[in-house]
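Asker: Numbering (the working numbering), first residue to last: 45 to 385.
Structure in structure tokens, see below.
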């Protein structure tokens, strides 16, 4: 998926949407391709359209959403190819979607296939979900409260990215994975109920959800990925259930209103800057099971007063770097800082 996203981003940056909407050769390749080299043929055909190799970073919301449209389109093409014996593309039509602002017009390629069940079509239309193989690729609705359909198994990368109307979402049992940046930038999201079946949350899943106030990480999730809650500036309450083993780098960086975090006994590793810039964090106890704590974990937590940890930690980043700007007055770490001056 990472390589594919890189390719599509390259296409979009170089040639925009016209490459996909006005190239019937791509559809021909999709229709004739065989299962074993389907992806290769699609990519070769795309490259024949004189696609440039320059890749540049872009974080604007409009650009990200357009890239996701193209990724979704290629995903659908691959699904059709891999099921070539059942393939039936009835038509490919161009339709212009004009947003309310009348500033952005996107030409979207709409393909119909017998691979999509009639009931699935109705559900997607009703709830504004784009679904492929029980994976939510994109949500285009504007509801304030939402429950993910029970038949969904995964939430794809960027699926709800930038949904500014969304305030509450329930993720039911049955869902096992939430993709990278799936809810990034959902500015008004205050409540998330995570299912006990979720095993993986991706990179930056809830980054910059500025209204999020509390979160419970179920024990089924073994690793809180890096950047998972980056910049959630109103996050006040975190409960990490026993069973979680790893807190990734910058996972809670910039969560400026967290005052207290209770880490479960199952935690083994805390990576770089996991709680950096948590300005309101006052005290924390590091469980005995922690074996690794990298540099800058509590960097510039300047209201930190007390940190308690066991001597069993086998590897810890540079002590002073970990606690720069922490106003420690109590606990073993405070004594270590005194001893190393």
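Where a beta carbon is used, it is the ideal one built from N, C-alpha and C, also for glycine.
Is residue 271 near residue 239, with beta carbons less than 9 angstroms apart?
Answerer: No, these two residues do not count as a Cβ contact at 9 angstroms.
Asker: Output yes if chain D places a C-beta closer than 9 angstroms to the C-beta of residue 213; else output no.
Answerer: The structure shown contains no chain D; it is built from a single protein chain.
Asker: By Cβ distance below 7 angstroms, which residues in the same chain neighbour residue 183 in space, the five residues on each side in sequence not counted?
Answerer: Result list for residue 183: 172, 173, 203, 204, 207, in chain order.
Asker: When the distance is taken between beta carbons, is residue 219 closer than 9 angstroms to residue 192?
Answerer: Contact flag set, yes.
Asker: Residue 185 and residue 200 - do their beta-carbons sit closer together than 9 angstroms?
Answerer: Not in contact: residue 200 and residue 185 (Cβ atoms no closer than 9 angstroms).
Asker: Taking the continuous beta strand (DSSP E) assigned at residue 348, which residues delimit it?
Answerer: Where residue 348 is concerned, there is no enclosing beta strand (DSSP E), given that its DSSP letter is neither H nor E.
Asker: Counting C-beta neighbours from all protein chains within 10 Å, is the total for residue 214 16 or more, i.e. buried, or is it exposed?
Answerer: With fewer than 16 Cβ atoms within 10 Å of its Cβ, residue 214 is classed as exposed.
Asker: Using a threshold of 9 angstroms, state whether the C-beta atoms of residue 242 and residue 265 are closer than that.
Answerer: Taking 9 angstroms as the Cβ cut-off, residue 242 and residue 265 qualify as a contacting pair.
Asker: Should residue 283 go down as buried or exposed, given a rule of 16 or more other Cβ atoms within 10 Å for buried?
Answerer: When all chains shown are included, residue 283 counts as exposed.
Asker: Is residue 289 near residue 254, with beta carbons less than 9 angstroms apart?
Answerer: No; because the gap between Cβ atoms is not below 9 angstroms, this pair is not in contact.
Asker: Quick check on the burial criterion: 16 or more other C-beta atoms within 10 angstroms. Buried or exposed for residue 170?
Answerer: Low confidence applies here, because residue 170 scores a pLDDT of 44, under 50, leaving its location unreliable; read the following figure in that light. By the neighbour-count rule (16 or more Cβ atoms within 10 Å), residue 170 is not buried but exposed.
Asker: When the distance is taken between beta carbons, is residue 305 closer than 9 angstroms to residue 323?
Answerer: For residue 323 and residue 305, no; Cβs fall outside 9 angstroms.
Asker: Nearest-angstrom Cα distance between residue 319 and residue 297?
Answerer: Rounded to the nearest angstrom, the two C-alpha atoms are 5 angstroms apart.
Asker: Quick check: the Cα distance between residue 216 and residue 179, rounded to an integer number of angstroms?
Answerer: Each residue's Cα considered, the two are about 14 angstroms apart.
Asker: By Cβ distance below 6 angstroms, which residues in the same chain neighbour residue 244 in space, the five residues on each side in sequence not counted?
Answerer: Cβ within range, chain order: 221.
Asker: From the DSSP output, read off the bridge partner residues of residue 183.
Answerer: 173, per the DSSP bridge assignment.
Asker: Return the chain-ordered list of same chain residues with a C-beta closer than 6 angstroms to the C-beta of residue 210, the five sequence neighbours on each side being excluded.
Answerer: Closer than 6 angstroms at Cβ, skipping near neighbours: 230, 233.
Asker: Quick one: grab the DSSP three-state call for residue 217.
Answerer: Note: residue 217 maps to coil in three-state DSSP.
Asker: Given a cut-off of 9 angstroms on the beta-carbon distance, is the pair residue 350 and residue 316 in contact?
Answerer: Going by C-beta atoms, residue 350 is not nearer than 9 angstroms to residue 316.
Asker: Relative to the C-alpha of residue 276, which residue among 292, 259, 291 is closest?
Answerer: Comparing Cα positions, the closest option is 259.
Asker: Does DSSP classify residue 189 as helix, strand or coil?
Answerer: Note: residue 189 maps to strand in three-state DSSP.
Asker: Identify every run of the beta strand (DSSP E) within the region 314-341, keeping only runs that are complete inside it and at least 3 residues long; order them along the chain.
Answerer: The region 314-341 contains these whole beta strand (DSSP E) runs: 327-330.
Asker: Quick one: give me the first and last residue of the beta strand (DSSP E) that residue 237 is part of.
Answerer: Per DSSP, residue 237 belongs to the beta strand (DSSP E) from 235-237.
Asker: How should residue 226 be labelled, buried or exposed, when 16 other C-beta atoms within 10 angstroms of its C-beta is the threshold for buried?
Answerer: The residue in question, residue 226, is buried, as its Cβ has 16 or more Cβ neighbours within 10 Å.
Asker: What residue range is occupied by the uninterrupted beta strand (DSSP E) comprising residue 197?
Answerer: Element bounds for residue 197: n/a, residue is neither H nor E.
Asker: What are the start and end residues of each continuous beta strand (DSSP E) run of 3 or more residues lying completely inside the region 250-295, in chain order?
Answerer: Fully enclosed beta strand (DSSP E) runs of 3 or longer: 258-261, 281-284.
Asker: Comparing alpha-carbon positions, which option in 338, 228, 291 lies nearest residue 309?
Answerer: Per the Cα distances, 291.
Asker: Identify, in the order they occur along the chain, each residue of the same chain with its Cβ nearer than 6 angstroms to the Cβ of residue 303, setting aside the five sequence neighbours on each side.
Answerer: If we look at residue 303 and ignore the five residues flanking it on each side, its Cβ neighbours are 324, 326.
Asker: Drop a sphere of 10 angstroms on the beta-carbon of residue 251, count the other beta-carbons inside from all chains shown, and report buried for 16 or more, exposed for fewer.
Answerer: Buried, by the Cβ-count rule.
Asker: Just the C-alpha distance for residue 311 and residue 329, rounded to the nearest angstrom, thanks.
Answerer: The straight-line gap from Cα to Cα measures roughly 12 angstroms.
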